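To start, the structure itself, in structure tokens.
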Amino acid sequence: MADRNNPDKIASRSFSTKLLHFGAEIDEQTGASSTPIFQASTFHHHDVFNPPHHDYSRSGNPTREALENYIALLEGGTRGFAFASGMAAISTTFLLFSAGDHLIVTEDVYGGTYRFLTTVLSRLGIETTFVDMTDFEAVKAAIQPNTKAVFIETPSNPTLKITDIKLVADWAKENGLLSLLDNTFMTPYHQRPFEQGIDIVVHSATKFLSGHSDVLAGLAVTKDEALGKRLYALQNGLGSVLSAHECWLLMRGMKTLQARMEHSERSALRLAEWLSNHPEVEHVYYPGLPDHPGREIHERQSAGYGAVVSFDVGSGDRAKALLNRIELPLVAVSLGAVESILSYPAMMSHAAMPREVRLQRGITDGILRYSVGLEDVEDLIVDLDAALRA
């Protein structure tokens, strides 16, 4: 019988093959073509002197373990961890730090991350300095004697600014800092942060990895085993783990990641180019456009431009009017699904960020964020054109 689950053989495969053949795609006991859902909270000890590998699902579940190994394989890390939401993954990872520590964070970070840093970690005595990470001198100037880590979001949300990952990660390593990166927008299909020197990668797996607007999930991956042990202790201690059923749904969604990303990215580039020439649009944010200031850096560290396009229609009133006229995309929080999703950051993803702080970061009242799905892009353009001109 061929060794289907040889780790070295699996790791050597191309990304598209790994998505389908990741080591747990076939159940060894039954031959089932899908990882079983182990809907169990606890596990029998056949021999109390030799405890089983799994004993309680908070500490480890076979379905969750399959998913955690899956994302570790795709990212090229050592250990993966599945959480009940993207914020559960991010917040648990931030609890690697202690009172008195200081963090440097991308200034236009996701609003939920901003809220956690400024209203929760701040109460625990962990300080944060938000910087424009497109300015490396600003990053270097933010370091303090108690700085412990740098947290990067690139492309940033929603203005799609680009941070030079290797530059910042190398600097962090030189200064004894951990480097963390939110890879939600790019996914491991487009961007491999560990290859650029990052220590921990996090995802809101609710988005592109799941891809179907039916799972709430977060993932984290560590580059080395020592960090993995520390993060596992937090995952097990805090207990905000992903359920077996949602682990299964997420794995099912991940199998089509490449096909979905390729289709959506082609459409996103077409939409961004069209929006750039529309008289009712003041500015378009998309790293695939020739005039994007971070395009050269992005192309050096990523294999694609992604499926999210942001654009500014000039005012909050115009943005809200457009949202009330649009027909095809969901008008909703979130992104990365098979259906297109149009979001209003000022009242959705970044509602937790005070208005004056948003504006300082370039997140105006007129910005809209379009996550392009699998619809025919020409239909999306006709729909958006009508809403813009109405």
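Taking my numbering, the leading residue of the sequence shown gets -13, the next gets one more, and so forth. Cβ coordinates follow ideal geometry from the N, Cα and C atoms, glycine included. The structure presented is a predicted model; accordingly, all values stated were derived computationally and were not measured.
Burial check for D210: the Cβ neighbour count within 10 Å stays below 16, so the residue is exposed. Bounds of any beta strand (DSSP E) do not take in D351, whose DSSP letter is neither H nor E. The DSSP assignment places complete beta strand (DSSP E) segments of no fewer than 3 residues inside the stretch 81 to 127 at 88 to 92 and 113 to 117, in order along the chain. Residue H231 holds the alpha-carbon nearest to the alpha-carbon of I23 among D369, I367, H231 and H176. A Cβ-Cβ contact shorter than 8 Å links A158 with V136. The alpha-carbon separation between E93 and K147 amounts to approximately 10 Å.
By the neighbour-count criterion, in which 16 or more other beta carbons inside 10 Å mark a residue as buried, A206 falls on the buried side. Beta-carbon to beta-carbon, A68 and E54 are separated by about 5 Å, close enough to satisfy the 8 Å threshold. Separation of A293 and R238 (C-alpha to C-alpha, rounded to the nearest whole angstrom) is 20 Å. Fully contained in the stretch -3 to 71 are the following beta strand (DSSP E) runs of length 3 or more, in chain order: 65 to 69.
Distance from A52 to A10 at the Cβ level is roughly 4 Å; contact confirmed, criterion being Cβ atoms closer than 8 Å.
Taking C-beta separations shorter than 7 Å and ignoring five residues to either side along the sequence, the partners of D87 in its chain run I112, N132 and K134, following chain order.
Here the alpha carbons of N(-9) and L164 stand approximately 32 Å from one another. Boundaries for A332: no alpha helix (DSSP H) harbours it, and the DSSP string shows neither H nor E there. The beta carbon of I312 is closer than 8 Å to those of L328, D369, L370 and A373 in its chain, skipping five residues each way along the sequence. In the three-state DSSP reduction, D369 falls in the helix class (H, G or I). Annotated three-state conformation of F297 is strand, per DSSP. Here the alpha carbons of R256 and N263 stand approximately 11 Å from one another. Taken in chain order, the whole alpha helix (DSSP H) runs of length 4 or more contained in the stretch 178 to 258 are 211 to 224 and 230 to 240. S296 and L110 have their C-alpha atoms some 34 Å from each other.
With 16 or more other Cβ atoms from the protein chains shown falling within 10 Å of its own Cβ, L202 counts as buried.
Burial check for F180: the Cβ neighbour count within 10 Å reaches 16 or more, so the residue is buried. Residue pairing by DSSP puts F137 in a beta bridge opposite V91 and L166. Under the three-state reduction of DSSP, R(-10) is assigned to coil, being neither helix nor strand. L81 has its alpha-carbon roughly 22 Å from the corresponding atom of N143. Comparing alpha carbon positions, the residue from G280, S250 and C233 closest to I57 is C233. Taking C-beta atoms under 8 Å as the contact rule, S199 and E325 qualify, at a distance of about 7 Å.
Rounded to the nearest whole angstrom, the C-alpha separation of P141 and M172 is 8 Å. Between the alpha carbons of R375 and S250 lies a distance of about 25 Å. For the options A254, T28, G204 and R178, the alpha carbon positioned closest to that of R286 is the one of R178. Assigned with DSSP and collapsed to three states, S288 falls in strand. The closest CA to that of A127, considering only L89, G97, A219 and T99, is found on L89. For E123 and K152, the gap between their C-alpha atoms comes out near 15 Å. Residues of the same chain with a CB within less than 6 Å of the CB of Y356, apart from the 5 flanking positions on each side, are V295 and L328 in chain order. Your pair T192 and S71 checks out as a contact, with CB atoms roughly 7 Å apart and the cut at 8 Å. Taking a 10 Å sphere around the C-beta of T99, we find 16 or more other C-beta atoms and assign the residue as buried.
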